[in-house]
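Below: the structure, in structure tokens.
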Amino acid sequence: MSLPSSTSPYQTVEWAISTYHDLVMTTGLNLSGLVLLDIAVSAGYKGDVVFVNTSFHFPETLELWANLQRKYPEPNFITLEPETETGYLFETDPVRCCQINKVSPLDRYLARTRPTALLNARTRESSQTRSSLVLVEDGDPARINPLIEMTRKDLEVYSVEHSIDKHPLYENGFLSMGCWPCTKAVRNGEDPRSGRFAGQGRTECGMWGTIGITR
Ligand code: SF4
């Protein structure tokens, strides 16, 4: 089955499921991730859905993660955790904090499972640094980005039409969800990713630079 030149998110996910039998999905529980999970489940996805519990998530995030596992019985939900406690390292060395608490757990998981492709919920609109995203990024693993064309409005419409519960803090301006020490609400019109790592000179945690993936 080849990927049509013009394809909906659902068709892209269907294509990915049939093309990569070891397809893996990661999620940060942002609105796009919740929409992608719903699309994937409706397209028959039964693979791993991976979430890294850094131990610095908002309680609402962990509650949402638990609710998703009740809502969708078919995928294999996996919670990754860091091997060591870092305490308040985010105050003195946030890059190292991300490395230990986010990047390394995912690295270990990917090194163990060696999937050939990852399903990813990033959209072009979500950040200036993501504006040139393409549908399929070749690599080992490849990254499939079915939602690249979706706007925040599209995601919100989908969530209403498919009865998806948004993150409880979304309506308070937390448009991109991360750990509580490094996430703040954004105002209308601001880059959603600007609420992440504010004052740290970065908008990404480094997760997607892992295991031979370049970006
Ligand atoms: S986002 Fe902040 S608290 Fe979370 S792992 Fe990175 S530096 Fe640490």
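This note's numbering puts the first residue of the sequence shown at 1485, with every later residue one more than the last. Idealized CB from N, CA, C, for every residue including glycine.
Got a sec: does ligand 1 put a non-hydrogen atom nearer than 6 Å to the Cβ of residue i?
i: serine 1635; result: According to the sequence as given, residue 1635 is threonine; it is not serine. Threonine 1635 Cβ: outside cutoff for every heavy atom of ligand 1.
i: lysine 1555; result: no
i: asparagine 1585; result: yes
i: proline 1566; result: no
i: threonine 1545; result: no
i: proline 1578; result: yes
i: phenylalanine 1658; result: no
i: threonine 1563; result: no
i: proline 1665; result: yes
i: threonine 1538; result: yes
Quick check on residue i: buried or exposed, where buried means 16 or more other Cβ atoms within 10 Å of its Cβ?
i: serine 1516; result: buried
i: alanine 1595; result: exposed
i: glutamine 1612; result: exposed
i: lysine 1586; result: buried
i: threonine 1576; result: exposed
i: proline 1630; result: buried
i: glycine 1571; result: exposed
To the nearest angstrom, how far is it from the Cα of residue i to the Cα of residue j?
i: lysine 1555; j: serine 1616; result: 33 Å
i: threonine 1694; j: serine 1539; result: With a pLDDT of only 48 at threonine 1694, under 50, the local geometry of the prediction cannot be trusted, and the value read off the model is given with reservation. The alpha-carbon atoms of threonine 1694 and serine 1539 are separated by roughly 21 Å.
i: aspartate 1649; j: valine 1519; result: 10 Å
i: glycine 1696; j: histidine 1651; result: Reliability of the predicted coordinates at glycine 1696 is poor, the pLDDT of 35 falling under 50, and no value is obtained from them.
i: tyrosine 1529; j: glutamine 1495; result: 12 Å
i: phenylalanine 1542; j: phenylalanine 1658; result: 11 Å
i: valine 1620; j: threonine 1568; result: 34 Å
i: phenylalanine 1561; j: aspartate 1506; result: 14 Å
i: leucine 1487; j: threonine 1667; result: 36 Å
i: glycine 1508; j: leucine 1564; result: Before going on, a small fix: residue 1508 reads as valine here, not glycine. Using only the alpha carbons, I get a separation of about 14 Å.
i: glutamate 1558; j: arginine 1598; result: 21 Å
Starting from residue i, trace the beta strand (DSSP E) both ways and give me its first and last residue.
i: threonine 1510; result: 1508-1510
i: leucine 1639; result: Element bounds for leucine 1639: not the beta strand (DSSP E) but the alpha helix (DSSP H), 1636-1645.
i: asparagine 1560; result: 1560-1564
i: aspartate 1532; result: 1532-1536
i: arginine 1627; result: 1626-1628
i: alanine 1601; result: 1601-1603
In the DSSP assignment, the alpha helix (DSSP H) including residue i goes from what residue to what residue?
i: leucine 1552; result: 1543-1555
i: arginine 1671; result: No alpha helix (DSSP H) holds arginine 1671; DSSP gives it neither H nor E.
i: arginine 1592; result: 1588-1597
i: alanine 1527; result: No alpha helix (DSSP H) holds alanine 1527; DSSP gives it neither H nor E.
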